[in-house]
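Asks:
In our numbering, the protein residues as written are 48 to 340.
Next comes the structure, spelled out in C-alpha cells:
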C-alpha cells in the first residue's frame, strides 16, 4: 500500500468571479516553467468541476541543454567533435519525467497537491509554490485572453502550520522580525486581522512589508499583540521571519518552513486522483489561533 503525502496552496485571484479559478488553470495549461535548476514543470487542463472541486496533473521533467558541455564518463574527458556530432536529443524529449495529482477546492480556492506520489517521488512544497506563482504571475497573465474578468493579480502561498508563529516568538533574543501581508480574497477568514486587511484595501495596497529591528541587540524585540495580529494575517498570504539568538545559538525561522501536511494511504479500491480529491474535500485551514486551541 503506497503512502501519499499532500501539501496545499492558498490561491487568491483579484477579482474572482464565479468560475475564474477553473479558467485560470485552463488558460495556463501546458505552459512550461523552470522551477529548480534544469527541472521543468507544467500543469494539465483541469477536469470539469464536480461538487465544487476540479482536478488535474502536474508534470515535471528535466530538459537537457544541448549547448552545454558534455563529458564521457568512462574516459572522464570531453568527447571529440565526431562523438559529439552523434548526440541527438529531440527538442520535445524530457528526462526523469514524473506526474503528481492536484485537486482544487473552488469555494475557498485551496489547491491540494501530491508532494509524494505513489512511486515515492517527491515534489517539494516550495517548488510547487514557485511553479504556481510563475503560472499565475502578472507577466504570464498579461497576454492571455479570458472569457471572465481577467484577474489583476493572483496571490499564491503555501498553507502553513499556525504554530509556526509560536516558534518565531519563542526565540529568546529576537533581534529582527519581518512580516509580509498580502490582501486575501474577501471570502478568506479575516476575523482576527480585519483592521490590517481593511487598511490595506483602503489605501489601495496589495502588500505590506513590516520590519522590526531591536533597539538593543542584548535585550531584543518585545513582541506585542499588534505584531502577533500581523503574523496571523500573514498566515493567509505572506510570511513571518524572525532572527535572533537562543543563548549562543544563532536562530533564523520562517513560517514558510512549516507547511501544513497530510498523509493518505492509497489502497486497492481507490485511485490516486480519488485520494487527492478526498484529501482536498477534508483539508482544514487553521488561520486563527482560536481554532487551533
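Cβ coordinates follow ideal geometry from the N, Cα and C atoms, glycine included.
1. Per DSSP, which residues does residue 229 bridge with? Please list them.
2. Note down the Cα distance separating residue 107 from residue 144, rounded to an integer number of angstroms.
3. Does the distance from the CB of residue 104 to the CB of residue 96 come in under 9 Å?
4. Using the C-alpha atoms, what's the distance from residue 124 back to residue 88?
5. For residue 293, collect the residues of the same chain with a Cβ closer than 6 Å to its Cβ; drop the 5 residues on either side in sequence, then sort them by chain order.
6. So within the segment 273-330, which uninterrupted alpha helix (DSSP H) runs reach at least 4 residues, ignoring any that extend past its ends?
7. Extract the residue ranges of the beta strand (DSSP E) inside the segment 109-177, only unbroken runs of 3 or more that lie entirely within it.
8. Roughly how many angstroms lie between the CA atoms of residue 62 and residue 101, to the nearest whole one?
9. Could you check whether the segment 53-69 touches the segment 192-212, counting it as contact only if at least three pairs of C-beta atoms, one from each stretch, sit closer than 8 Å?
10. Could you check what DSSP says for residue 14 in three-state terms: helix, strand or coil?
11. List the residues that DSSP assigns as beta-bridge partners of residue 63.
12. Under 8 Å by Cβ, that's how I've got residue 261 and residue 222 pegged, so tell me the actual separation to the nearest angstrom.
13. Kindly give me the distance between the Cβ atoms of residue 174 and residue 305, rounded to whole angstroms, as I take these residues to be in contact under 8 Å.
14. Is it buried or exposed for residue 117, if we count other Cβ within 10 angstroms and need 16 for buried?
15. So residue 72 and residue 93 are in contact, right, with Cβ under 8 Å, and what is the actual spacing, rounded?
Replies: With the structure as the only source:
1. By 1-based counting over the chain shown, the position of residue 229 is 182. Residue 229 is bridged to 254.
2. The residue you call residue 107 lines up with position 60 of the chain shown. The residue you call residue 144 lines up with position 97 of the chain shown. If you take the alpha carbons of residue 107 and residue 144, they lie about 6 Å apart.
3. The residue you call residue 104 lines up with position 57 of the chain shown. The residue you call residue 96 lines up with position 49 of the chain shown. Going by C-beta atoms, residue 104 is not nearer than 9 Å to residue 96.
4. Position 41 of the chain shown, counted from the start, is the residue given in the question as residue 88. Position 77 of the chain shown, counted from the start, is the residue given in the question as residue 124. Taking the straight line from one Cα to the other gives about 32 Å.
5. Along the chain shown, read from residue 1 onward, the residue named residue 293 stands at position 246. Cβ within range, chain order: 219.
6. 319-329
7. 142-152, 157-163
8. Along the chain shown, read from residue 1 onward, the residue named residue 62 stands at position 15. Along the chain shown, read from residue 1 onward, the residue named residue 101 stands at position 54. Cα to Cα, the separation comes out at about 20 Å.
9. yes
10. Shown here, the chain extends from 48 to 340; a query on residue 14 therefore has no answer.
11. By 1-based counting over the chain shown, the position of residue 63 is 16. None; residue 63 has no bridge partner.
12. Counted from its first residue, the chain shown places residue 261 at position 214. Counted from its first residue, the chain shown places residue 222 at position 175. Going by Cβ atoms, the distance from residue 261 to residue 222 rounds to 5 Å, so yes, they are a contact pair.
13. In the chain shown, residue 174 corresponds to position 127, counting from 1. In the chain shown, residue 305 corresponds to position 258, counting from 1. Not really, about 16 Å apart at Cβ, beyond 8 Å.
14. If you number the chain shown from 1, residue 117 lands on position 70. It is exposed - the Cβ of residue 117 has fewer than 16 other Cβ atoms within 10 Å.
15. As a first step, residue 72 must be located in the chain shown, where it is residue number 25. As a first step, residue 93 must be located in the chain shown, where it is residue number 46. Confirmed, about 4 Å.
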